[in-house]
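Under our numbering, the residues of the sequence shown are numbered -10 to 565, in order.
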Amino acid sequence: MTRRLRLGFLLGLVLLLSMAAQSGKSYSADRFDVDIIAQRDRSLLVRETVVFRFQGGPFSFVFRELPTDHTDGITGIVAGVDGEPWPEGTGPGQVEITGNDPIVVTWHLSPTADRVQSFTLSYQALGVVRQTQASDVLDWQALPDEYDYDIAASRVTVSYPADMMQLTAPEVLTGKADTTADDGQAIFTQGNLSSGDPLVIRLNFAPGSFSNEPPLWQMEQAAQNSYAWIWFVAAAIVLLGGLAAFIRAARPYSRSVPKATIYLYKPPLELSPALAGYLADTAVGWQHGLATLFELAARGLIEIEQTREKSAFRSPEFDVTLLERPEGLKFHEQALLDLLFTDKKGVEHNVITLSEIGKLVTSSRWQQFTDVLRDEADLEGLTDDNAKARGKQIIGWGAALLIVSLLLVLPTFLLRGTFGAWPLVAVASVALVGLVGILVGAGMSPLSEKGYAYATAFEPFRQLLKDVATDKTNLPDPTYYETYLPYAAAYGIAEPWVKEQAKSDYQQLPAYFRAAANAEGMGAFVAVISAASHSGGRRHPPGGRGWRRSQRRGLNDSRNLIRERATPARSLILPT
């Protein structure tokens, strides 16, 4: 152990010394000057001079990137130090030139520290001055795209034949600089530049000042632009055709529950709160498990007790106790009890804390409940296998189109010399149609005719609970606060539902809840509802496939039993 401690100490000391050495290593530029001579053939002769001040060290290289976009290329690169040109190579005192766009120029130095050196770079940028009907335009980025050092002063000088006439004063397109102009010359000066400060300049000359032929890149760009309409038409065809195909495929199963125009003050059908909540959004979340928990508690099977009050440093805690495991439970009710009161090894227990429930809900075991609730909805005839299959099919088509769009990126890149970036418009439309297909498939309702009828029947009741929870209407009987709490939980409004009860005159607590000795009863009940509502989320990691298969077999064996238990729809209970 002592040896390990010593080794750790030495490694830490080496790291600290290295950091200290690095902290004393810095560099900046006293000057970054650029001299540009515009040629009549639309090229530029450029000479850059950068005076670097190295503090600390050692430094072993300096590099400069030269972008070649909007040029016909860069040639004649010559680099040197302190007025002496350096030969090409990768050793100390040599210059390495690599890349195409950008071209990377690297000065390989002998170990250098605490020194001031002048680095020069000369090159010819071809086809820079572009041609328009109104003028010949010289745009140039005088300073690098990115640099991580300060520049004390910079001077950019653009020279051109004296007989050329500028139509406008020299402009700074990006960055800040003082400009002066004279016959055959424009000067841009600036100082105290921080790392990354840009400088892009523009000079506008009279038409015909340069050669009659525009740069090759400009002609290629014009040719590429002439094909743009083809790619936009192709994109429109793909987009409209794909959307129409997805809409047509989803239409037989696309319907929404009509908005309620009345309230129902009682559940219209004998359906468990969890299944009623599932009909509302056809997605299983913790809210359905919470609804089942409150439903079982209301039937005297579960007790909830506050064991710790909220303090400045701790959240409240609650014990959930299983009092009885009766026969005849619904499948999703039994699945919830198995999840909460049986550990991974199959050992049963009777007490679980609310914080432990939160961990279960975000674990792979949560799938035990979600799968059973979906299967039970299937066996109750609330979902349509054809609708679910069509939804998966549309999602598959959408995913396939997304994959195709990714595969099309490579040929689009290879064709960029002929068509430019315009084919990406069509590729993007393929990706967009694929994304829309996934969203359409995921948003399709799996409900059957029976499920749709049940969801429509429950909608006025759901709207009542929602409006009560948002204080838009009142209940005719305050005892409904306790009675309909499982349904409020299934609809995701348990917390505002109980908070509305706390503001009312009805302060009766459910028989299954006990507050801490010194806690205020209704406040403690609001706390447990709030904590329970936030114990889980709607998205959970997949898992429990073997358990799901065995449970599904049990459900299939009991299919007739469930159908026998199912209660036929009653007449709607209208408000009084």
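C-beta: ideal position from N, C-alpha, C; glycine also.
Nearest-angstrom beta carbon gap, residue j and residue i [assumed within contact, 8 Å]
{"i": "Gly116", "j": "Asp61", "result": "3 Å"}
{"i": "Val40", "j": "Val94", "result": "The pair is not a contact, with the Cβ atoms about 17 Å apart (cut-off 8 Å)."}
{"i": "Val126", "j": "Leu188", "result": "Not quite, the Cβ-Cβ distance comes to about 17 Å (not below 8 Å), so this is no contact."}
{"i": "Val84", "j": "Glu77", "result": "6 Å"}
{"i": "Leu33", "j": "Ala114", "result": "5 Å"}
{"i": "Leu390", "j": "Val419", "result": "6 Å"}
{"i": "Ala249", "j": "Glu448", "result": "5 Å"}
{"i": "Ile392", "j": "Gly430", "result": "Contact doesn't hold; Cβ gap of about 15 Å is too wide."}
{"i": "Gly45", "j": "Asp103", "result": "7 Å"}
Simplified DSSP assignment, three categories, for residue i
{"i": "Trp96", "result": "strand"}
{"i": "Gly231", "result": "helix"}
{"i": "Leu563", "result": "Here the model assigns Leu563 a pLDDT of 33, short of 50, so the residue's position is not dependable, and the following value carries that caveat. DSSP places Leu563 in coil when its eight states are reduced to three."}
{"i": "Leu127", "result": "strand"}
{"i": "Ile384", "result": "helix"}
{"i": "Ala280", "result": "helix"}
{"i": "Gln207", "result": "helix"}
{"i": "Val245", "result": "In the sequence as presented, Val is not what sits at residue 245; that position holds Ser. Looking at Ser245 - three-state DSSP - the assignment turns out to be coil, as it is neither helix nor strand."}
{"i": "Val117", "result": "coil"}
{"i": "Val487", "result": "helix"}
{"i": "Leu169", "result": "Residue 169 is actually Thr in this sequence, not Leu. Strand, per DSSP."}
{"i": "Tyr441", "result": "helix"}
{"i": "Val393", "result": "helix"}
{"i": "Ile226", "result": "helix"}
{"i": "Val429", "result": "helix"}
{"i": "Val273", "result": "coil"}
{"i": "Ala18", "result": "strand"}
{"i": "Asp466", "result": "coil"}
{"i": "Glu448", "result": "helix"}
{"i": "Phe320", "result": "helix"}
Residue i classed as buried or exposed, judged by whether at least 16 other C-beta atoms fall within 10 angstroms
{"i": "Phe43", "result": "buried"}
{"i": "Lys377", "result": "buried"}
{"i": "Met154", "result": "exposed"}
{"i": "Gly406", "result": "exposed"}
{"i": "Val457", "result": "buried"}
{"i": "Gln174", "result": "exposed"}
{"i": "Phe48", "result": "buried"}
{"i": "Asp22", "result": "buried"}
{"i": "Gly230", "result": "exposed"}
{"i": "Gln496", "result": "exposed"}
{"i": "Arg31", "result": "buried"}
{"i": "Lys455", "result": "buried"}
{"i": "Ile236", "result": "exposed"}
{"i": "Val487", "result": "buried"}
{"i": "Pro305", "result": "buried"}
{"i": "Pro465", "result": "exposed"}
{"i": "Asn181", "result": "exposed"}
{"i": "Pro256", "result": "buried"}
{"i": "Ile427", "result": "buried"}
{"i": "Leu6", "result": "Annotation note: pLDDT 40 at Leu6 (below 50); position unreliable, coordinate value reported separately. Exposed."}
Cross-strand partners of residue i (DSSP beta bridge)
{"i": "Tyr149", "result": "The partner list for Tyr149 (beta bridge, DSSP) is empty, contrary to what the question assumes."}
{"i": "Leu182", "result": "Ile140"}
{"i": "Thr585", "result": "Examination of residue 585 is not possible in this model, given that the chain is present from -10 through 565 alone."}
{"i": "Ser418", "result": "Bridge partners of Ser418: none, in fact."}
{"i": "Leu343", "result": "Looking at the DSSP assignment, Leu343 forms no beta bridge with any residue, so it has no partner."}
{"i": "Pro74", "result": "Gly69"}
{"i": "Val35", "result": "Ile25 and Tyr112"}
{"i": "Gln106", "result": "Phe41"}
{"i": "Val336", "result": "DSSP, once it has assigned bridges, lists no residue as partnering Val336."}
{"i": "Glu54", "result": "Val93"}
Proximity winner among the options, relative to residue i (alpha-carbon distances)
{"i": "Val566", "options": "Glu471, Leu34, Asp460 and Glu438", "result": "Summary: the structure shown does not reach residue 566, with the chain confined to residues -10 through 565, and so no result is reported for it."}
{"i": "Pro315", "options": "Phe194, Glu306 and Arg288", "result": "Arg288"}
{"i": "Asn507", "options": "Glu489, Gly335, Ala170 and Arg297", "result": "Arg297"}
{"i": "Phe320", "options": "Gln357, Ile25, Ile346 and Ala131", "result": "Gln357"}
{"i": "Ser198", "options": "Ile293, Gln120, Leu343 and Val416", "result": "Gln120"}
{"i": "Ser261", "options": "Arg53, Val35, Gly510 and Thr472", "result": "Thr472"}
{"i": "Asp171", "options": "Ser300, Thr163 and Ser148", "result": "Ser148"}
{"i": "Leu371", "options": "Gly347, Ser434, Leu399 and Ser344", "result": "Ser434"}
{"i": "Ala131", "options": "Gln122, Glu160, Ala233 and Ala151", "result": "Glu160"}
{"i": "Phe283", "options": "Val517, Gly45 and Gly432", "result": "Val517"}
{"i": "Ala520", "options": "His97, Lys492, Pro196 and Ala478", "result": "Ala478"}
{"i": "Arg451", "options": "Ala483, Ala224 and Gly426", "result": "Ala483"}
{"i": "Asp71", "options": "Leu110, Glu54 and Arg53", "result": "Leu110"}
{"i": "Ala504", "options": "Ile293, Asn201 and Trp129", "result": "Ile293"}
{"i": "His338", "options": "Phe330, Ala272 and Ser344", "result": "Phe330"}
{"i": "Leu205", "options": "Val118, Tyr216 and Gly278", "result": "Val118"}
{"i": "Asn375", "options": "Pro467, Ala265, Glu202 and Tyr242", "result": "Tyr242"}
{"i": "Phe108", "options": "Leu396, Gly347, Ala18 and Gly180", "result": "Ala18"}
{"i": "His523", "options": "Leu453, Val398, Leu343 and Phe514", "result": "Leu343"}
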